[in-house]
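Asker: Sharing a structure below in structure tokens format, with a few things to ask.
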Amino acid sequence: MAGKAPSSSQGLTSLPGVGAATAKKLTAAKIDSIAKLASSTPKALQKAGLSVAVAKKVHAAAKAADKAKSTVKKAKDSVKSKSKKAKTAAKKTASSAATKAKAATQKVLKKSQDVAETAVEKTKSVTSLKTKKESDRKGSTIKVPRSVKDMPWFKRG
Numbered sequence: 000m001a002g003k004a005p006s007s008s009q010g011l012t013s014l015p016g017v018g019a020a021t022a023k024k025l026t027a028a029k030i031d032s033i034a035k036l037a038s039s040t041p042k043a044l045q046k047a048g049l050s051v052a053v054a055k056k057v058h059a060a061a062k063a064a065d066k067a068k069s070t071v072k073k074a075k076d077s078v079k080s081k082s083k084k085a086k087t088a089a090k091k092t093a094s095s096a097a098t099k100a101k102a103a104t105q106k107v108l109k110k111s112q113d114v115a116e117t118a119v120e121k122t123k124s125v126t127s128l129k130t131k132k133e134s135d136r137k138g139s140t141i142k143v144p145r146s147v148k149d150m151p152w153f154k155r156g
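Quick note: the sequence shown, position 137, residue 136 per numbering that gives the first Met the number 0, numbers continuous.
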């Protein structure tokens with residue numbers, strides 16, 4: 000049974016045209032990642048021991064894989080950035096709504112307090128049974144009978 004390829008070349012073997020033997024040659028030439036393979040030239044790959052056709056094929060595949068990886072990274076960064084902006088906007092909107100709700104509540108409380116104070120003022124002036132005209136006064140207050148027996152029409156007799 001053949002042994003496993005070294006872990007640094009396992010990424011290389013995922014490319015079409017790169018098997019265990021080719022990965023070994025590339026690793027020996029210090030080309031141990033897809034990014035390094037994509038940035039190298041087909042001539043450098045030929046010096047590592049690959050044929051012209053295989054070098055071109057592997058180099059093209061590595062460039063495509065590297066480009067796809069960078070595109071994915073850009074998309075991921077873009078999504079992160081947009082989600083961060085959305086989160087900030089949501090916080091700002093929530094804060095604004097909370098501030099407006101608090102202001103509206105304070106306004107309603109002030110209005111209800113004013114209404115209550117007005118009602119108290121009105122009831123203070125009505126609570127005494129004092130008469131308003133001097134001719135109607137018989138004393139400081141109007142005498143209100145406590146029972147029917149105290150009324151003048153009941154005492155006849």
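All C-beta atoms, glycine included, are put in the ideal place defined by N, C-alpha and C.
Computed from a predicted model, the values in this text were never measured in an experiment.
(1) Is there contact here, the segment 12-29 with the segment 38-52, by at least three beta-carbon pairs under 8 Å?
(2) Alpha carbon to alpha carbon, how far is residue 91 from residue 107?
(3) Could you check the C-alpha separation between residue 7 and residue 74 for me, to the nearest Å?
(4) If you draw a straight line from the alpha carbon of residue 69 to that of residue 10, how long is it in whole angstroms?
(5) Leaving out five residues on either side along the sequence, give the residues of the same chain with a beta carbon under 7 Å from the beta carbon of residue 153.
(6) Excluding the 5 residues preceding and the 5 following residue 1 in the sequence, name in chain order all residues of the same chain whose CB lies nearer than 6 Å to its CB.
(7) To the nearest angstrom, report how far apart residue 51 and residue 41 are at their CA atoms.
(8) Quick one: what does DSSP say residue 94 is sitting in, helix, strand or coil?
(9) Kindly indicate the opening and closing residues of the alpha helix (DSSP H) around residue 49.
(10) If residue 37 and residue 62 are in contact, beta carbons under 8 Å, what's the gap, nearest whole angstrom?
Answerer: The short version:
(1) yes
(2) On the sequence shown, position 92 is the one that residue 91 refers to. On the sequence shown, position 108 is the one that residue 107 refers to. Approximately 24 Å between the Cα atoms of the pair.
(3) Here residue 7 refers to the residue found at position 8 of the sequence shown. Here residue 74 refers to the residue found at position 75 of the sequence shown. Any reading at residue 7 is ruled out, since the residue's pLDDT is 48, under 50, leaving its predicted position unreliable.
(4) Your numbering for residue 69 matches position 70 in the sequence shown. Your numbering for residue 10 matches position 11 in the sequence shown. Cα-Cα distance, rounded: 16 Å.
(5) Here the question's residue 153 lines up with position 154 in the sequence shown. Taken in chain order, the residues that qualify are 147.
(6) Start at 1 with the first residue of the sequence shown, and residue 1 comes out as number 2. Any reading at residue 1 is ruled out, since the residue's pLDDT is 46, under 50, leaving its predicted position unreliable.
(7) The sequence position of residue 51 within the sequence shown is 52, counting from 1. The sequence position of residue 41 within the sequence shown is 42, counting from 1. If you take the alpha carbons of residue 51 and residue 41, they lie about 7 Å apart.
(8) Working through the sequence shown from its first residue, we reach residue 94 at position 95. Residue 94: helix per DSSP, three-state reduction.
(9) Within the sequence shown, numbered from 1, the residue matching residue 49 stands at position 50. Taken as a continuous stretch (DSSP letters only), residue 49 belongs to no alpha helix (DSSP H), as it is neither H nor E.
(10) In the sequence shown, the residue the question calls residue 37 occupies position 38. In the sequence shown, the residue the question calls residue 62 occupies position 63. Yes, residue 37 and residue 62 are in contact; Cβ-Cβ is about 5 Å, under 8 Å.
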